[in-house]
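Down below is the structure, laid out as structure tokens.
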Amino acid sequence: MEIIRMENISKIYPGTVALKGVDFTLNKQEIVSLLGENGAGKTTLMKILYGMTAPSSGRIFYKGEPVRFKRPIDAIEKGICMVHQHFMLVPAFTVVENIIAGSEPGSNIFLDKKKARQEVIDLISRFKFNVDPDAKVEKLSVGEQQRVEILKVLYRKADVIILDEPTAVLTPHEVDDLFAVLRRLKDEGKSIIIITHKLKETKEIADRVVVLRDGNLINDNVDPRKVSTKELSEMMVGHEVNLQARRPAKHIGEVCLKVENLTVEEDGKEKVKNVSFAIHHGEILGIAGIEGNGQTQIIEALTGLRKPKSMKLTLDGKEVTGKSSDFLKAGIGHVPEDRLSMGLVKEMSVMENMILGYHRESEFCSKKGLLLKKQISQYAEKLKKDFLVKAASIYSAVSSLSGGNQQKIIISRVFSREPKAIIVAHPTRGVDIGATEYIHNQLIELRDRGAAVLLISADLDEVRALSDRILVLYEGEIVSESMPGELSEVEMGLLMTGGNYMVEEGKQRD
Ligand SMILES: Nc1ncnc2c1ncn2[C@@H]1O[C@H](COP(=O)(O)OP(=O)(O)OP(=O)(O)O)[C@@H](O)[C@H]1O
Ligand SMILES: [Mg+2]
């Protein structure tokens, strides 16, 4: 039975045609995977369905009736819910407060709180979500926030659930859990649309695949059981992509970045416990681990954003201390975890964001402190071209870019400054496979030019494909060090969840 029909949908933004006459349908009890490169129009199509933005033309039918949702609340009332690519939680509210806020229009949030809290607790245990219902959202990791967003949808008992890249922030194990939840929801009669850049996931969960390219519908009836991931990627980007091929380091040099006795305390608890490691010039050190095991704290300490309880950090033998700007100046680059709150100023242009933090350098700024407009715009044009950033122009506001293209701006900014060492968190989160391949190549080239790279990623495939050495972080401690290929995915998964897999002695390297 058809539950949603979108007919001939177009969306024109100033300077961009995001959708060109796209038809889309969803049936009851169906899981559809929406595929397409960064900027293909996936989020826009879903925002139109959810009443967040109006189509320039086209019609929408819900359960056979023509509908026109002016605001998301209209869609929610009909039973359509969306989990966004960028979370929309209130940081100062608790998990429960976030879940119940806005879900029952007209009701008193405080009166219902006790009953609602119990309902939320039931949902958490029913779906085995590991979150504290009374924790403030600002204290949660990105992965945990994701679970809150999904809980919100479950709480609202939606019939149609739209998930915009829900797995980008999850570990393989968490993805399995999420997919179990989705299958269960499907069995209960729900219909689901899922956007993901991971083709493996599409094949695993989808009943049908819909492919968009450049605002056009390419195919709306692909059977995921009948195509390979290779064929899917070709459909999306028009050429073959291989992300798994390893390219080991050629020249591992002297120690570059050395971290000794790093301990971070938060709310009276040790989140990072006396961690030490060294990264050599020309080496990628990967940290695998489930989010919330100290990654955020390590990143913040190594980039000067947080003062740890103890740490000695040296770069080429010289101690680095001070503020984050001192770390940057010393030559430690940083691709942050959360692009919207830390990496970008959304209201500013693509060009301004490309030199953010570097705008005082002589290349961009005269001795008198005047910005060198021509040099900056040429530089931005070059980065836009090199890093395949899809934007109407370098003067467009970053807020108008698709998620993956926002990420490319941060990557282009940090990689092109030739840092001595670089702390890279989830570099390809939300980035399509074509651009992921590109970013991986850039990261490897940076390494081969001698940079020391610390790669922190929730994507185990990515850590395994790129790293020259891998640490596993569990509850703030390094529980294993191995060479790529030495441990299987299952063994690493076990270590990441605190399992007691015994690593043989004698395989470690300084
Ligand atoms: N508010 C806006 N103003 C102007 N242009 C916009 C706006 N929102 C989206 N666009 C443009 O519309 C196009 C489609 O964007 P959309 O966010 O739908 O892509 P997407 O397929 O979701 O990509 P991604 O995989 O990167 O999330 C992009 O070129 C984007 O720059
Ligand atoms: Mg999107």
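Heads up, the sequence shown stops at 528 in the working numbering, and the numbers go up one at a time, no gaps. Using N, Cα and C, we set each Cβ at its ideal position, and we do this for glycine too.
* Asked: Do you know whose CA, among Ser485, Ile488, Val497 and Gly448, lies nearest Gly57's CA?
  -> Gly448
* Close-in-space but distant-in-sequence residues of the same chain around Ile12 (CB under 7 Å, 5 per side omitted) -> The requested residue 12 is not part of the displayed model; the chain covers only 19 to 528.
* Asked: Cβ of Thr61 within 8 Å of any heavy atom in ligand 2?
  -> yes
* Is Gln164 near ligand 1, going by C-beta to nearest heavy atom under 8 Å? -> no
* Asked: Just reading off the beta strand (DSSP E) that Lys38 is part of, what are its end residues?
  -> Thr34 to Asn45
* To do: Tell me the start and end of each unbroken beta strand (DSSP E) in the region 426-474 that is at least 3 residues and wholly inside, in chain order.
  => 439-443 and 470-474
* Asked: Any chance the CB of Ser420 is under 8 Å from a heavy atom of ligand 2?
  -> yes
* Cα-Cα separation between Gln393 and Phe382, rounded to whole angstroms -> 6 Å
* CB of Asn292 to nearest heavy atom of ligand 1: below 8 Å? -> no
* Which stretch, first to last residue, makes up the alpha helix (DSSP H) that contains Tyr397? -> Lys391 to Asp404
* Would you say the region 473-493 touches the region 182-191, given that touching needs at least three Cβ pairs under 8 Å? -> yes
* Would you kindly work out how many angstroms separate the C-alpha atoms of Arg435 and Val282, rounded to a whole number? => 29 Å
* Secondary structure at Ile30, three-state DSSP: helix, strand or coil? -> strand
* Cut-off 6 Å between Cβ atoms - residues of its own chain near His102, not counting five sequence neighbours on either side -> Asp182
* Asked: Taking Gly54 as the reference, which of Asn371, Gln396, Gln315 and Lys216 has the closest Cα?
  -> Lys216
* To do: With Asn279 as the anchor, note down where its beta strand (DSSP E) starts and where it stops.
  => Val273 to Glu284
* Asked: Comparing alpha-carbon positions, which option in Lys131, Glu167, Ser414 and Ile496 lies nearest Ile308?
  -> Ile496
* Asked: When the Cα of Phe105 is compared with those of His352, Val50 and Gln163, which residue comes out closest?
  -> Gln163
* Quick one: give me the first and last residue of the beta strand (DSSP E) that Ile84 is part of. => First, the amino acid is wrong: residue 84 is Pro here, not Ile. That run of the beta strand (DSSP E) goes Glu83 to Val85.
* By the 10 Å Cβ neighbour count, where 16 or more other Cβ atoms means buried, how is Ser485 classified, buried or exposed? -> buried
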